[in-house]
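Residue 1 is where the sequence shown starts when you use UniProt numbering, and the numbers rise one by one after that. The C-beta atom is built at its ideal place from N, Cα and C for all residues, glycine as well. All of these numbers come straight from a predicted model, not from anything done at the bench.
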Amino acid sequence: MQTKYGKEILDTPLSEEELSALREADSGFSRTIGLVVTHVSAQRVDGYIDIGPRHHQPMGLANGGVMASIGETLGSIAAVAASGAPAVGMSNSTDFLRSVRQGRLEAVAEPVHVGSSTHLWRIEMRHEGALVALTHLKLMILRQR
């Protein structure tokens with residue numbers, strides 16, 4: 001299935017069929033950690049991960065790298081959706097506010113700044129309604145010249 005993701009600014013969200021195609025095409029890291037993207041538009045990207053033992057560090061808590069990765073992934077998808085062009089991360093600052101042992105971690109990426117060459121996205125991660133991590137992701141937009 002052809003998708004408009006990465007080819008144009010997504011003023012309207014991807015359809016369920018387009019989301020399925022995007023998830024199917026992602027055979028990499030997101031699939032490995034179990035990240036599921038549920039909404040993609042130029043204004044917002046949503047996703048979730050079901051935290052379990054495979055995400056734990058030795059103390060039995062979700063590894064902070066999982067949350068930093070969620071922020072990086074959703075923010076990158078969001079920048080492409082908002083620009084219609086490839087995007088690469090320039091900096092990832094993730095603050096960990098609460099620990100998580102298991103259960104669904106829901107994440108939402110929203111824009112702070114959307115420029116022609118750089119974006120800044122804020123990604124909030126919540127578990128049972130409580131804010132557990134916050135990422136600020138700065139990206140460079142790779143436009144053809």
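Integer-rounded CB distance, given that residue j should sit under 8 Å from residue i
{"i": "leucine 105", "j": "isoleucine 51", "result": "5 Å"}
Residue i and residue j closer than 8 Å at C-beta
{"i": "tryptophan 121", "j": "valine 112", "result": "yes"}
{"i": "isoleucine 70", "j": "alanine 21", "result": "no"}
{"i": "alanine 62", "j": "arginine 143", "result": "no"}
{"i": "alanine 81", "j": "valine 114", "result": "no"}
{"i": "glutamate 72", "j": "leucine 19", "result": "no"}
{"i": "isoleucine 77", "j": "valine 45", "result": "yes"}
{"i": "histidine 127", "j": "glycine 103", "result": "yes"}
{"i": "threonine 38", "j": "threonine 94", "result": "no"}
Residue i (DSSP reduced to helix, strand or coil)
{"i": "isoleucine 70", "result": "helix"}
{"i": "valine 100", "result": "coil"}
{"i": "glycine 75", "result": "helix"}
{"i": "isoleucine 9", "result": "coil"}
{"i": "lysine 138", "result": "strand"}
{"i": "threonine 94", "result": "strand"}
Complete runs of the alpha helix (DSSP H) confined to the region 38-71 [at least 4 residues]: As far as the region 38-71 is concerned, it has no whole alpha helix (DSSP H) run of at least 4 residues.
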